[in-house]
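Structure first, then comments.
2 protein chains.
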Amino acid sequence: MTPQEMKAELKSLGALVEGRLATVFGDGATPVRLTESMEYSLMAGGKRLRPVLCLAWAELVGASAGAVLDFACAIECIHTYSLIHDDLPAMDDDDLRRGKPSNHKQFDEATAILAGDGLLTEAFTLASGLALSPDRVLKAIFHLSTAAGPRGMVGGQVLDMGLTGKSASLPQLRQMHAMKTGALIESSCVTGCILGGGTGGDLALASEYGRAVGLAFQVTDDILDVVGDTAALGKPAGSDEAQGKSTYPALLGIEKSRELARQSVDQALAALAGFDHPRADFLRAVAEYILDRTH
Amino acid sequence: MTPQEMKAELKSLGALVEGRLATVFGDGATPVRLTESMEYSLMAGGKRLRPVLCLAWAELVGASAGAVLDFACAIECIHTYSLIHDDLPAMDDDDLRRGKPSNHKQFDEATAILAGDGLLTEAFTLASGLALSPDRVLKAIFHLSTAAGPRGMVGGQVLDMGLTGKSASLPQLRQMHAMKTGALIESSCVTGCILGGGTGGDLALASEYGRAVGLAFQVTDDILDVVGDTAALGKPAGSDEAQGKSTYPALLGIEKSRELARQSVDQALAALAGFDHPRADFLRAVAEYILDRTH
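Residue numbers (my numbering), protein chains in the order written: chain A, 98 to 392; chain B, 98 to 392.
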């Protein structure tokens, strides 16, 4: 699969996700201001990487994208809530997100806190409403909530706060990222695989692919922050270092960071080696694409 | 059942809940500061009314308390997160909660936001880990997340913010409370009933009981705020009015508010009329107890 074909496929699956996200609060059962605030961030674009990974892994092991779409949307709700809360004045205090005012700037702080809370909770309504084998859905919810919660993303955010302004060691940096961003990316792959009916072996490979892609993604983000490809990240070059955050290039240098990203992508490709399926080609191309962003 | 017997039973079921809550983060998989912050609020006492209602309704229709304990604890995690976020400076800006510094005062604002996020997410790990029929568990998770989310508690909090400083109408006040506090109390009863294997008829009665008890609880809270029984609420008398919040006594007067509370309790008792079971006696005594707080 060429990068162009992959991008077209990514766009098409992303559009499927966005189409469903746009209807989630369409029943009029939520207060207008809350709906506006949640949809402001939910519909603000982005590549929808996490839900697309969920859909692709589900299809790879035999499900249809439509059957797991609401679960994929649940993952995007969780990702979006985490961005809203991360931007709050008490956290990263970011006024901008993807070139637009962050949620608390567009609305107000209380509304932004509640929009985040609302999206996080709604994720589990979407997930538990899935019309698939209850066994699989329950197992996927358990995996997702563990990855997003105190043992995963939320815990990683606390570790990140603890490291800010200090020089972290490489193991500390890796553990923090594995929890803060890696866990949700991994869970996107694993839950797709669970919902699609993957075997225990499939789940282990989905986990390996997801962890490797998550690490590659973080390392290349750090590299882009240094080399200053602002368009790719939507934030000013050097902003992480300016905020006193440790990065892979700061710890390893640019070249060794590039090597680490390359190794991670190779690991992701290795996890897919046994799959002969169009979705495996797509997932391989996604992994390569992450790396290509730094060239 | 005498009020004394009911209180002993409430204490005993509450102790069961607290015993389990104390072990939730005992696996060492969560960062120390986050664990401390979550447990600071989770173990701060309270009557554990919501999880106890869940346990009692499950037992009433035939399950054991032990089988649904983790789900009951999930409900208490959600209730606790809502208190932490409500107290934040951008929300009610409360420095004290049950006579102790509120979470953001004891720790800091970022940690309090994340402790709330962590408890909310952990609730769904606890709920989805339940070793009961996956069908029932999934249905209960759907009910709970709907009640706690933008269509319920979170939406009610947004409505409350919109009403602060304005004079609300009675229908506005009732809708706001039905979402902000009523939905989670109702869901505690209904999810217990779902998990216990209740029939469709049982679920309707659990819902009716829960909604009536939730309303009675809110009205008597408002009355206590006016008549100044500070010990019962753990906050200064008149604090709701001082914050510019509409109350039932302000809209209806004390006597009509007492009548409304009495009617609600009668409705709760009517929902239980068909049950001949020790747990029905307990649930009747709980409903009566809510009312007795105002005398």
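Glycine residues also receive a C-beta, built at the ideal position from the N, C-alpha and C atoms.
Tell me where the alpha helix (DSSP H) around residue 295/B begins and ends.
Here residue 295/B is taken as the residue at index 198 of the second sequence, counted from 1. From DSSP, residue 295/B is part of no alpha helix (DSSP H); its letter is neither H nor E.
Leaving aside the five residues before and after residue 117/A along the sequence, list all residues of the same chain whose C-beta is less than 6 angstroms from its C-beta, in chain order.
Stepping through the first sequence from its first residue, residue 117/A is reached at position 20. Within the same chain, Cβ atoms closer than 6 angstroms to the Cβ of residue 117/A are found at 166 and 170, the five residues on either side in sequence being excluded.
Spell out the partners DSSP gives residue 346/B in its beta bridges.
To locate residue 346/B, count along the second sequence from 1; it is residue 249. DSSP output for residue 346/B lists no bridge partner at all.
Need the endpoints of the alpha helix (DSSP H) that residue 165/B sits in, please.
Against the second sequence, residue 165/B aligns to sequence position 68. First-last of the alpha helix (DSSP H) with residue 165/B: 162-184.
Does any CB atom of chain A fall closer than 8 angstroms to the CB of residue 372/B?
By one-based count along the second sequence, residue 372/B stands at place 275. No, no contact with chain A.
Which ranges would you report for the alpha helix (DSSP H) in the segment 259-318 of chain A if only whole runs of at least 4 residues count?
Counting whole runs of 4 or more residues, the segment 259-318 of chain A contains the alpha helix (DSSP H) stretches 267-274 and 280-292.
So the candidates are 196/B, 229/B, 390/B and 374/B; which of them puts its Cα closest to the Cα of residue 324/B?
Here the question's residue 324/B lines up with position 227 in the second sequence. Among 196/B, 229/B, 390/B and 374/B, the Cα nearest to that of residue 324/B is on 390/B.
Quick one: list the residues of chain B neighbouring residue 120/A, beta-carbon separation under 9 angstroms, in chain order.
As a first step, residue 120/A must be located in the first sequence, where it is residue number 23. When 9 angstroms is used as the limit between beta carbons, residue 120/A is near no residue of chain B, the shortest such separation being about 14 angstroms.
Consult DSSP for residue 128/A and reduce its assignment to one of helix, strand or coil.
Numbered from its first residue, the first sequence carries residue 128/A at position 31. The answer is coil: DSSP assigns residue 128/A none of H, G, I, E or B.
Any idea if residue 247/B is buried or exposed, counting beta-carbon neighbours within 10 angstroms, 16 or more meaning buried?
In the second sequence, the residue the question calls residue 247/B occupies position 150. Buried is the call here.
Would you decide whether residue 119/A is buried or exposed? Buried here means 16 or more other CB atoms lie within 10 Å of its CB.
Looking up residue 119/A in the first sequence gives position 22. Exposed, since its Cβ has fewer than 16 Cβ neighbours within 10 Å.
Report yes or no: is there a C-beta of chain B within less than 8 angstroms of the C-beta of residue 148/A?
Here residue 148/A refers to the residue found at position 51 when the first sequence is read from its first residue. No, residue 148/A lies away from the interface with chain B (no Cβ there is under 8 angstroms from its Cβ).
Beta-carbon of residue 248/A versus every beta-carbon of chain B: anything under 8 angstroms?
The residue labelled residue 248/A in the question sits at position 151 within the first sequence. Output row for residue 248/A: interface = yes.
Please say whether residue 380/A and residue 306/A have beta carbons closer to each other than 8 angstroms?
In the first sequence, counting from the first residue as 1, residue 306/A sits at position 209. In the first sequence, counting from the first residue as 1, residue 380/A sits at position 283. The answer is yes: Cβ separation under 8 angstroms.
Output the boundary residues of the alpha helix (DSSP H) element that contains residue 240/B.
If you number the second sequence from 1, residue 240/B lands on position 143. That run of the alpha helix (DSSP H) goes 231-245.
In terms of alpha-carbon separation, which member of 127/B, 225/B and 367/B lies closest to residue 309/B?
For the purposes of this step, residue 309/B is taken as residue 212 along the second sequence, with counting starting at 1. Comparing Cα-Cα distances from residue 309/B to each of 127/B, 225/B and 367/B, the minimum goes to 367/B.
Are the C-beta of residue 182/A and some C-beta of chain B separated by less than 8 angstroms?
Taking the first residue of the first sequence as position 1, residue 182/A is located at position 85. Yes, residue 182/A lies at the interface with chain B (some Cβ there is under 8 angstroms from its Cβ).
Buried or exposed: where does residue 195/A fall if 16 or more other Cβ atoms within 10 Å of its Cβ makes it buried?
To locate residue 195/A, count along the first sequence from 1; it is residue 98. Exposed is the call here.
DSSP three-state label for residue 194/A, please.
Position 97 of the first sequence holds residue 194/A. DSSP, read as helix, strand or coil, puts residue 194/A in strand.
Pull up the distance between the alpha-carbon of residue 364/B and that of residue 260/B, whole angstroms please.
On the second sequence, residue 364/B is found 267 positions in, with the first residue counted as 1. On the second sequence, residue 260/B is found 163 positions in, with the first residue counted as 1. About 28 angstroms.
Quick one: what does DSSP say residue 143/B is sitting in, helix, strand or coil?
If you number the second sequence from 1, residue 143/B lands on position 46. In the structure shown, residue 143/B sits in coil (DSSP, three-state: anything other than H, G, I, E or B).
Taking C-beta to C-beta, are residue 280/A and residue 387/A nearer than 8 angstroms?
Here residue 280/A is taken as the residue at index 183 of the first sequence, counted from 1. Here residue 387/A is taken as the residue at index 290 of the first sequence, counted from 1. Contact flag unset, no.
Is there contact here, the segment 284-294 of chain A with the segment 144-163 of chain B, by at least three beta-carbon pairs under 8 angstroms?
no
Counting pairs of beta carbons, one from the segment 344-358 of chain B and one from the segment 371-379 of chain B, are three or more of them closer than 8 angstroms?
no
Helix or strand or just coil, what does DSSP make of residue 204/B?
Residue numbering aside, residue 204/B sits at position 107 when the second sequence is read from its first letter. The answer is coil: DSSP assigns residue 204/B none of H, G, I, E or B.
Which residues of chain A have a Cβ atom closer than 9 angstroms to the Cβ of residue 219/B, listed in chain order?
To locate residue 219/B, count along the second sequence from 1; it is residue 122. In chain order: 242, 243, 246, 247, 248 and 251.
Kindly list the residues whose CB is nearer than 6 angstroms to the CB of residue 177/A, restricted to its own chain and excluding five residues on each side of it in sequence; keep chain order.
If you number the first sequence from 1, residue 177/A lands on position 80. The residues are 138, 139 and 216.
Quick check on residue 100/A: buried or exposed, where buried means 16 or more other Cβ atoms within 10 Å of its Cβ?
By one-based count along the first sequence, residue 100/A stands at place 3. Exposed, by the Cβ-count rule.
Is it true that the segment 172-186 of chain A meets the segment 239-257 of chain A, where meeting means three or more beta-carbon pairs spaced less than 8 angstroms apart?
A contact exists between the segment 172-186 of chain A and the segment 239-257 of chain A.
Hey, out of 191/B, 288/B and 342/B, whose CA is closest to residue 263/B's CA?
As a first step, residue 263/B must be located in the second sequence, where it is residue number 166. Minimum Cα distance to residue 263/B is reached at 342/B.
Helix, strand or coil for residue 371/B, going by three-state DSSP, please let me know.
In the second sequence, residue 371/B corresponds to position 274, counting from 1. Residue state, collapsed to three classes: coil.
Report yes if the CB atom of residue 130/B is closer than 8 angstroms to the CB atom of residue 383/A, and no otherwise.
In the second sequence, residue 130/B corresponds to position 33, counting from 1. In the first sequence, residue 383/A corresponds to position 286, counting from 1. Their beta carbons are not under 8 angstroms apart, which means residue 130/B does not touch residue 383/A by this criterion.
In the DSSP assignment, the alpha helix (DSSP H) including residue 105/B goes from what residue to what residue?
As a working mapping, residue 105/B is identified with position 8 in the second sequence. For residue 105/B, the uninterrupted alpha helix (DSSP H) run begins and ends at 100-118, by DSSP.
Going by beta carbon distance, what residues of the same chain come within less than 8 angstroms of residue 190/A, once the five residues before and after it are set aside?
On the first sequence, position 93 is the one that residue 190/A refers to. Exclusion of the five residues before and after residue 190/A leaves 184 as the residues of its chain whose Cβ lies within less than 8 angstroms of its Cβ.
According to DSSP, simplified to helix, strand and coil, what is residue 362/A?
For this step, residue 362/A is matched to residue 265 along the first sequence. Of the three classes helix, strand and coil, the one that applies to residue 362/A here is helix, per DSSP.
Just how far apart, CA to CA, sit residue 103/A and residue 148/B?
Here residue 103/A refers to the residue found at position 6 of the first sequence. Here residue 148/B refers to the residue found at position 51 of the second sequence. Residue 103/A and residue 148/B: Cα-Cα distance of roughly 49 angstroms.
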